[in-house]
Every structure is written in structure tokens, then in C-alpha cells.
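Peer 1:
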Amino acid sequence: MNKTKYDVAIIGGGHNGLTTACYLAKAGLKVIVVERHEYVGGAAVSRELHPGWTYSNCSYVCSLLRPEIFRDLELSKHGLQIIPYEGSASMLNDGRFYAHYQDHDLTYRSIAQFSKKDAEAYDRFGKDVMRQCKIIKPLLKMTPPDPTSFKPKDIMGLFEFAKYFAAKDELGGLGEKEIYDTIRFWTMSVRDYLEEYFESDIVKVHLAGSAIIGTALGPYSPGSAYVLLHHYMGEVDGTVGAWGYSRGGMGSITKAMASSLKSNNGEIKAGSPVSQILIKNNKSYGLVLENGDEIYADKIVSNLDVKRTFLKVVEEKELPSDFYKAVKNFKIRGSSGKLNIALDDLPIWKSIPVGDPAGTGDLHITQNIEEMEGAYDDWKDGKWSQFPYVDMCIPSINDPTMAPQGKHYMSVFIQYVPYNLANGGWTEEKRLEFGKHVMNRIGNYSTNFNDIINHAEIRTPKEIESEVGLTEGNIFQGELTMDQLMFNRPVPGYAQYKTPIKNLYMCGSSTHPGGGVMGAPGANAAREILKDLKMKISTHYI
Amino acid sequence: MNTSKISYKKPLLETPFHERTSEHCYANDWYRWAGYKVAKEYSSTELEYTSMRNTAGVIDITPMHKYDIKGEDAKKFINKLITKDITNIQSNQVAYGIWCNEDGMVIDDGTIFCFNENHFRIFCAERNLNWFSDTATGFNASVEDISPSIAALAFQGPLSCKILNLLKVENIENLKPFHFNNYNLENHNVTISRTGFSGDLGYEIWCDPSQAIDVWDSLFKFNRDYKVLAAGMNALEMVRIEAGFIQPNVDFMSAEQALRPNRMRNPYELGLGWLVNLDKEYFTGKQALIRHKEKGPEKKLVGLDIEGDKPAVGSVLYDNSKKNQAKEIGIVTAAMWSPVLKSNIAIGFVSKEHYKLGSNVYAEIYHPEELDYRKIWAECKVVKKQFFNNPRRNETPAFT
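These protein sequences, in sequence, are chains A and B. For the working numbering, count along the first sequence from 1 and bump the result up by 869. For the working numbering, count along the second sequence from 1 and bump the result up by 5.
#1: Figure out for me which residue from G911/A, Y875/A, L893/A, H969/A has the closest Cα to the Cα of G1377/A.
#2: Do M1387/A and L934/A come within 8 Å of each other at the CB atom, strictly closer than that value?
#3: By Cβ distance below 7 Å, which residues in the same chain neighbour E1068/A in space, the five residues on each side in sequence not counted?
#4: When Cβ atoms are compared, which residues of the region 23-45 of chain B fall closer than 7 Å to chain A?
#5: Nearest-angstrom Cα distance between F1345/A and W1218/A?
#6: Roughly how many whole angstroms lie between the Cα atoms of N7/B and I1327/A?
#7: Whole angstroms are fine: how far does the CA of K1305/A sit from the CA of N871/A?
#8: Entirely within the region 1196-1266 of chain A and at least 4 residues each: give me those alpha helix (DSSP H) ranges in chain order.
#9: What separation, rounded to the nearest whole angstrom, lies between the Cα atoms of T55/B and T116/B?
#10: By alpha-carbon positions, which one of E1341/A, G1087/A, V1286/A ends up nearest to I1238/A?
#11: How would you label V1223/A, buried or exposed, when you count the other beta carbons within 10 angstroms and need 16 or more for buried?
#12: Tell me whether the beta-carbon of A1125/A lies closer than 8 Å to the beta-carbon of L944/A.
#13: Quick check on this structure: which residue in Y47/B, I336/B, E375/B has the alpha carbon closest to the alpha carbon of L241/B?
#14: Check whether chain A comes within 8 Å of Q262/B, counting only Cβ atoms and requiring the distance to be less than that.
#15: Can you tell me whether M1119/A is buried or exposed? The criterion is at least 16 other CB atoms within 10 Å of its CB, across all chains shown.
#16: Which residue spans inside the region 1126-1202 of chain A form an unbroken alpha helix (DSSP H) run of at least 4?
#17: Name, please, each residue of chain B whose Cβ falls closer than 9 Å to the Cβ of R1116/A.
#18: Can you tell me where the alpha helix (DSSP H) with F1054/A in it begins and where it stops?
#19: Distance, Cα to Cα, S1079/A vs R916/A?
#20: Would you give the residue range spanned by the alpha helix (DSSP H) that N885/A belongs to?
#21: Are the C-beta atoms of P373/B and some chain A residue less than 8 Å apart?
#22: Excluding the five sequence neighbours on either side, which residues of its own chain have a C-beta within less than 6 Å of the C-beta of E1136/A, listed in chain order?
#23: Determine the DSSP secondary structure at S1093/A, reduced to helix, strand or coil.
#24: Output, in sequence order along the chain, the residues in the region 138-150 of chain B whose CB is closer than 8 Å to any CB in chain A.
#25: With DSSP collapsed to three states, give me the class of T976/A.
#26: What are the residues of the region 82-107 of chain B that lie near chain A, defined by any Cβ-Cβ distance shorter than 9 Å?
#27: Does C1002/A come out as helix, strand or coil in the three-state DSSP assignment?
#28: By DSSP, does K1331/A sit in helix, in strand, or in coil?
#29: Just to confirm before moving on: does the CB-CB distance between K89/B and L280/B stay below 8 Å?
#30: Compare the Cα-Cα distances from V1175/A to each of K1131/A, E1341/A, L898/A, H919/A and report the closest residue.
#31: Please confirm whether M6/B has its beta-carbon closer than 8 Å to some beta-carbon of chain A.
#32: Please list, in chain order, all residues of the same chain as P1382/A whose beta carbon is under 6 Å from its beta carbon, the five residues on each side excluded.
#33: Under three-state DSSP, which class holds H837/A?
#34: Going by DSSP, what residues sit across from G62/B in a beta bridge?
#35: What does the Cβ neighbour count give for G363/B, buried or exposed, with the cut at 16 atoms within 10 Å?
#36: For M69/B, which residues in the same chain have their Cβ closer than 8 Å to its Cβ, ignoring the five residues on either side in sequence?
The following block contains the structure:
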């Protein structure tokens, strides 16, 4: 018999791996997180890649992180603070800008400049989306029931799922109409969805952005409306759909989690890439590190995406062939790029006046849905978008810790960028050309942008994959489409954080409820592991 | 609404009366209404209220939404929109109506002014441009939001006609309730309707924004003899509760805005069944309303005459005089001490078993008293919502 050193070993110190670790350590288990890099965080990191500037160089804004997790892990005590931000804007080619503000009346007037009907419809849209968010919110915390199982817990689970659709208290009793709406929302394209409410191009494209971020779907693709919902179901202090900055960058979230873990005697072994999960008789019992060291644990939890877990660190022969095939076919396509830019000054926009709160939130330059779909078409052809959708923000306006005084940090998320570039693939030259292309596009909307760039980190899906470990650089650890959500995520039959290997669990965003810096997959996995150990903890989340 | 120039520094619009309202608003206490800034209280809610019950009060109601309906199908369109039949409406007549969604749930209420067969104007509290436009599909009728082009004042109270008379508004005393006409007011051509929220004699004056200041000033011209006050939203709230007028998103959730479907209400639940004409040809919500009527309302919005003098704001209603045996049967939506009636009154929803006039229900009132709550178990009698209805309101010629 091996001398078991740990109760649980977690592969990967992303926000979900750390969340799982924190809950298990809180329950009194002996836990170790094994991380490839010298730093933890996965895709929620803050890095000083240019002296004086801190980059949230992967994920960049926070809304989805479940407040119960924040509370349970005492993340405030461990240094985390979320700063709400005001506004978002799309800059038009004709010199005007379209903006949303915190002030409802101001937002109405802002939209009414383009269409009075749309300004009014925005309330109806908001109400309908809010209703869908309320339906989905309790589902996030649930382990998806297996609809094919007759086990009491699955039957009860399905009943629970169904209950939310008829919930009398929280939702006021949904009627047939609302259930139709839910099914439509989860399956239709965002373009078709928005078309039901709005007439103005800029209103539609501004709202559609949330539906394509991180996906390999275009605004006309069925299923894209759900992604919009996925981005709306977060909250900042009860304001559903609001987004904020993590003070000190997104790394502050995982730093706080790591500190919380340590306070419960959890261990983190950084700089230790795992090469293989040790399996005997269909049971996992430990890890082998790249340096040959071995770590033994009763339970192994993988924070890696499902492909990386089962195609890289588990040997194929250990897996049922249909499971292996399902994992191989799991959709996890790279479609996003990222620029992190150190600026010597605040950009001055041609359209948004200095000081207008519209300029302090997320900013966009796509003019209409067709242009957005065109950007997607380029991606399908293996090219980066000629007119990319960008989601850019300047966290340093609100967060005093990100850049030297008087200077600024800009985060630019880019959709779409292919993982496999046509005509010879990615080269260093092509990467720089891509970065330049995006910066030139942004420069068209500013009077000083091109002159104030001090440094830029340019990341294509290749860099995101190689640095963060996300297959193809897919930010969600797998597409958020109905065929890969809930009891189908990541693979039908294995949606309950378990795997075909005994004692091997998954806790990453490849599992329900999916991507975003939410922590729900990690906390749900912890709950399942504790259940299997017949252990209980009493927290706000579990 | 002038939307061409907006600035984040001024999220709210100012009405054409702002120069005057801001001058009178010593309390500098503003209320948001449809994106406008209107006074909540000018200096004393009590005195502002009293002006409407004793002399006359002036309320800036410019933020009301105003929609012009034009075209040869204008009347047909309105008959599809609202639940009552306006086939026989005459020019210069005003109809009060409600409109429902397809499920027979109330969206909003409003006054409908008939200029002629082909031209109507709807005044309402909520934004309805999309609902009206969608409903107008298939009709030769256009819907236009003309809200910013008209400035409006409510001039309410027993002396309102007398003062308009003194201002030489010719023949105003013969304007019948729920009618309107064009008048000359101090050399300005304005529209005056005999409508309002106060349950007393009163008018609403509609004018071009350029005339706003002159019209405002004229109403205060005889202030030395007859004290007219600018009245704020707080005072308006008091008179409308006394008059038994209900308000969307206060007394019930508009079906267009309710997040929770079971918060929507049908006209029978709101005590507005008298506004529904099921004999009329097809109109929006008719099929559902037939079912709602058959079934009878599960709960109903009623008036409550409450013992004691502590307003039952936000109170839950119960069925038993003994608290420990009581079951929840309703909720208060608006409550006040009525100075004119010297009564503790409220509007609230009461369930089926208890909404008959004369029934007794019980309100648990949390009355704040020096950082503590006094919990009062108060008996309430179910009464008509119209607590105050002065005969002056309907007399023609009007009281001068």
C-alpha cells in the first residue's frame, strides 16, 4: 500500500481549482494544489509584464464570481475588493457614441438619440433577461441531475430543476409563455433575439457583444443568445448584470483564494507541471510531476479542461473508448485574442468627451450586427477579423493600483482570432501584425491613442493555450452551447464532476455551469467530493 | 423631449416650468418622473395639499406621456386598444380607459381626448410607444409620441374655476367634467380640460412650452386674495389616494413591467371591471377577460377605513382580530391619514373571502416611534376606494 500523503490533490491552481481546494480544506481535509507556473491563478491573474504596470492579462472584469463563495472563503479578509464601474459605450464611425449609464433616465435618453422605441424596449428587454437570469441562478449551484438515471438523487434533482420553472416565490410562478421564452432564449441566435426588441443597428450590436465574447459562434449562430445570458447572470452587490473590476487586477481573486486556502492549512505546490495521473485498476491514486516526483492522494481533482485532462494527463488505455471519443469531440475552439497595453496617458476618444462615465466602462467599435457576423466569417476562413469586435476597458481609471500615476492600462479583448491561422499558421511576425492591426483599428477612434502606447502584450489563442493551458485558448474551457451545457457538460453521463476513473474528479469550467470567473464549478465539485466522503460543511454556498 | 444634446452631468430633463418650480421649491426636494425633475415638496406638503382642498393648487404634470393618434382608423385602433367602447365619443370629450395585454392583465390607464373622428390624444403615466405602435399594426392610424411638445399643469381645487373666471377665461364654468376646449388665457391660446386626480373641481391646462411661464404666472395672479400654491408630488399622492385613483407600479404592477408573472393584475382585481365592455367587438385581452370575469377575482383592490390614526404604510392584512390566529389575506399599497376626512385610510389588496364591502380585516401597522416600532393590530373596514368625492367635482356650471 502507498503511504497516502494527501486527502486530495488538485491539478491546476485556477480560480476553480482553488475554490475546490478552499472548500475541501475548510472541511478539514489535507489538500494540495499542484500548479505548473510559479504563480497561481490560471486565467485570473495579474502580472507585471512591463515595469510599473499590472495587467489582468487574461480575464479582465468580474461579475460572475458567486457572492456566496466570496463570503465563504472570506476573500475580503484575504485582500479582494470588487470595484463596480459605470457605463459602457459603442463609438460610431460618424463621430457619435452610444452609451449605457448607471442612471436609468440618462440611459433612456442616450438610447432615445438613436430610437425612442428602442429606449423604451430596453426596459422590456432588461425585464425579460432578468427573468431568465432568475431562472438560471439557482441552477448554477446545482449538480446537474442525470436525466437518464433512476437514482433517487437524480429524480429529485430533475424535480428540483423543474421546480425553478414553476417557482412560486422567487419567480412569481412562471406561465407557459415564460417557459417558451426560456427554451427559445437557450437555443436561438442573439441577432434573432435582439431583433424582437430593437430596430436600431447600434443598439443591437452593442448588446450582441455579450453573446459572442469567447465563443466560436457568430451573432447569427443559433445558441448565441444563451451566451448573452451567461454574461448577464452575474451581479455586483445585488445589481444583476453589472460588472466590476477586481482591485489589483483579476489576479487579486486567485491571490485571495490562495491566501484563504493557506489559512485553512491547504498547500500549494507551484512550479510543478503534472505529467500524468497515476491510475491502477481504474482508480486514481496520485500524480507524477514532470520532474519525476510523485504525489499521492485519495482523491484527484483536475482543474484542467476536459480535453487536457483526458487527452494529456490520463492515458488513453485507462478510459472507456466512447468517453474518450466524446472528449475528443468536445467543442473547445479558440476564437479570442487579447491585447494588454501600457499607455503613457489617457486615450482621448473622438466621440466620448473626457470625464464622461461612458468612457470608464467597456468600449466597443463595431457598427452593426452584419459587421460582427463578417468578423466571424473571417474567423471561419482561418483569418483574424478584418473588423474585429473589441471589448476594451481602462481599469486604471477606476483602480489606482494598475499603472503608475498619470499613466494607464488598457485591456483589449478581441473577437475573432483563429487558433489555426490559414496560410502557414501563426508566426512571431503574424502575431505582431495581428496586434498592430487591432491597435490601428482602435486608433481610428482616438486622437492620441497611437502616440501613447508604451508597451503591448499581444496574445493570440496560441499564447493563451500555451501560457494558461486552455485548449485552443478557449476562455470558457469549452463552448457554451446547449449540447455542452448542464447534464451534457462536459460529456453526457459525466456532468456530476465525476469521471470514468474512480477517485478522479473535474472542477474546471468544462463542467457545469461553465466558464467565466464564477467559482461555481469549483464549489459544486467540492460539494460532490464531500458527499462521496460522507462529510458535511455548513457554508453559504454548500 | 430634446434628446439631441445630452450630458451625463444632467441626467434629468427640466420641464418648461422649471424656472418657476425651482424658484418655489424652497425644499429643493425633487422627484424623478419619466426622466424629468419635478418637485416632491415645495415647502410644506401639508399646505400644498390644503391648497387643493381649500383654494387651488398648481401641479406641473408635463412629464405625462402624450401620444397623438391620427388617421381614419384612429377610433377603431383605440377601440382595439382599450377595454371600454368609445364608439359614441364626441369631439371635445375625454374618456378614461385602461388597456390590457392579451392575457387580460392591465398595462396602464389614461385619459383619451377626442379632437375629432380622426384625431385622438392619449395621456398616460407610463411609456407606451411600443405597445401602441404594435397595436396599431393593420390600422390606418399613426402613433406619435408628442410628449415634449406640450407643457401641462393641473389646476385643482374648489376655487380653480373662480380663478380662471377672474382671468377672464370665457365660459369656463360651463365646461362639463370629462370635456375639453380651447380657451384664451391671458392672451395665450391654451387647451383646458375638466379632468384631474383630486376628486374635486379641477382642470388640466395644456399649452405650448413657449407659453409655459406666462400660463404659470397667470394662475398665481390673484394670490393676494385667493392663496394658490404650487403643489408637489407628495401632495398629489395625498389627493389621489383620497379620490381613490390607482397608480401603475404603485398599487399594481403594469403587465409590461412586472418581472414576476403572478404580480400582474386584471381589471376585475383592480375594481375596474366597469371599464370593461365585453359586448364590444374584438379588443386586446377580450378572450382572457371573459374568463377572468367568469372566474371572479381572487383578490381585489379595495378601500380600507382603518381604526386609529397611524397610517398603515406597507402593512400586511390579516383575517382575525387575534394576531396569533390570523392568516395573511392581503397587503396595503397606499395609506395615509386624511386631513380632510379626519380618517385613517388606505388602498390595498384583499382576498376573495374578505373583499366584500363592510367586511372587517386587520392591518399590522409598524409605527415608528423614536427609534422603536409600535406594532398596532388595527381593525379595517372594507369600503369603496373613492373616499373623497365632492359634489363640486361634477356640477355644471362649475362653482365660482
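Ideal Cβ placement from N, Cα and C applies to all residues, glycine included.
Peer 2: Put simply:
#1: Taking the first sequence and counting its residues from 1, one reaches residue 1377/A at position 508. Checking every option, the nearest Cα to that of G1377/A belongs to G911/A.
#2: Your numbering for residue 934/A matches position 65 in the first sequence. Your numbering for residue 1387/A matches position 518 in the first sequence. The answer is yes: Cβ separation under 8 Å.
#3: Working through the first sequence from its first residue, we reach residue 1068/A at position 199. S984, K986, D987, listed in sequence order.
#4: R37, G40
#5: Start at 1 with the first residue of the first sequence, and residue 1345/A comes out as number 476. Start at 1 with the first residue of the first sequence, and residue 1218/A comes out as number 349. Each residue's alpha carbon lies about 31 Å from the other.
#6: For the purposes of this step, residue 7/B is identified with residue 2 of the second sequence, where counting begins at 1. For the purposes of this step, residue 1327/A is identified with residue 458 of the first sequence, where counting begins at 1. With a pLDDT of 43 at N7/B, under the threshold of 50, the modelled position of this residue cannot be trusted, and the question is left open.
#7: Within the first sequence, the letter at position 2 stands for residue 871/A. Within the first sequence, the letter at position 436 stands for residue 1305/A. Because the pLDDT of N871/A is 43, which lies under 50, any placement of that residue in the model is unreliable, and the question is left without a value.
#8: 1238-1249
#9: By 1-based counting over the second sequence, the position of residue 55/B is 50. By 1-based counting over the second sequence, the position of residue 116/B is 111. Taking the straight line from one Cα to the other gives about 26 Å.
#10: For the purposes of this step, residue 1238/A is taken as the residue at position 369 of the first sequence. Nearest option by C-alpha distance: G1087/A.
#11: As a first step, residue 1223/A is located in the first sequence; it is residue number 354 there, counting from the start. So V1223/A counts as exposed.
#12: One-based indexing of the first sequence puts residue 1125/A at position 256. One-based indexing of the first sequence puts residue 944/A at position 75. In this structure, L944/A lies closer than 8 Å to A1125/A by Cβ.
#13: By one-based count along the second sequence, residue 241/B stands at place 236. Of Y47/B, I336/B, E375/B, the residue nearest in Cα terms is Y47/B.
#14: The residue given as residue 262/B occupies position 257 in the second sequence. Cβ-Cβ to chain A under 8 Å: yes for Q262/B.
#15: On the first sequence, residue 1119/A is found 250 positions in, with the first residue counted as 1. Buried, because 16 or more other Cβ atoms sit within 10 Å of the Cβ of M1119/A.
#16: 1190-1197
#17: Position 247 of the first sequence, counted from the start, is the residue given in the question as residue 1116/A. By Cβ distance, chain B contributes nothing, its closest Cβ being about 24 Å from R1116/A, past 9 Å.
#18: Within the first sequence, residue 1054/A is the residue found at index 185, counting from 1. 1045-1056 is the extent of the alpha helix (DSSP H) around F1054/A.
#19: On the first sequence, residue 1079/A is found 210 positions in, with the first residue counted as 1. On the first sequence, residue 916/A is found 47 positions in, with the first residue counted as 1. Taking the straight line joining both Cα atoms gives about 25 Å.
#20: Sequence index remark: in the first sequence, residue 885/A carries index 16 (1-based). Taken as a continuous stretch (DSSP letters only), the alpha helix (DSSP H) holding N885/A covers 884-895.
#21: Along the second sequence, read from residue 1 onward, the residue named residue 373/B stands at position 368. False, the Cβ-Cβ gap to chain A never drops below 8 Å.
#22: Counting from 1 along the first sequence, the entry for residue 1136/A is found at position 267. So the list reads I901, once near-sequence residues are dropped.
#23: Here residue 1093/A is taken as the residue at index 224 of the first sequence, counted from 1. Of the three classes helix, strand and coil, the one that applies to S1093/A here is helix, per DSSP.
#24: S138, D150
#25: By 1-based counting over the first sequence, the position of residue 976/A is 107. Reduced to three states, the DSSP call for T976/A is helix.
#26: none
#27: As a position in the first sequence, residue 1002/A is number 133, starting the count at 1. Helix, per DSSP.
#28: As a working note, residue 1331/A is residue 462 in the first sequence. Helix, per DSSP.
#29: As a position in the second sequence, residue 89/B is number 84, starting the count at 1. As a position in the second sequence, residue 280/B is number 275, starting the count at 1. Contact: yes.
#30: Against the first sequence, residue 1175/A aligns to sequence position 306. That would be E1341/A, whose Cα lies nearest to the Cα of V1175/A.
#31: Taking the second sequence and counting its residues from 1, the one referred to as residue 6/B is at position 1. Note that M6/B scores a pLDDT of 43, beneath 50, so its modelled location is shaky; the value from the coordinates is reported in the next line. Yes, M6/B lies at the interface with chain A (some Cβ there is under 8 Å from its Cβ).
#32: The residue labelled residue 1382/A in the question sits at position 513 within the first sequence. L1009, A1389.
#33: In the structure displayed, chain A extends from 870 to 1411; residue 837/A sits before or after that span and is not available.
#34: Indexing the second sequence from 1 puts residue 62/B at position 57. G62/B is bridged to Q161/B, L234/B.
#35: By one-based count along the second sequence, residue 363/B stands at place 358. G363/B should be labelled exposed.
#36: Against the second sequence, residue 69/B aligns to sequence position 64. Excluding positions up to five away in sequence, the list reads A39, F128, C129, A130, S152, A157.
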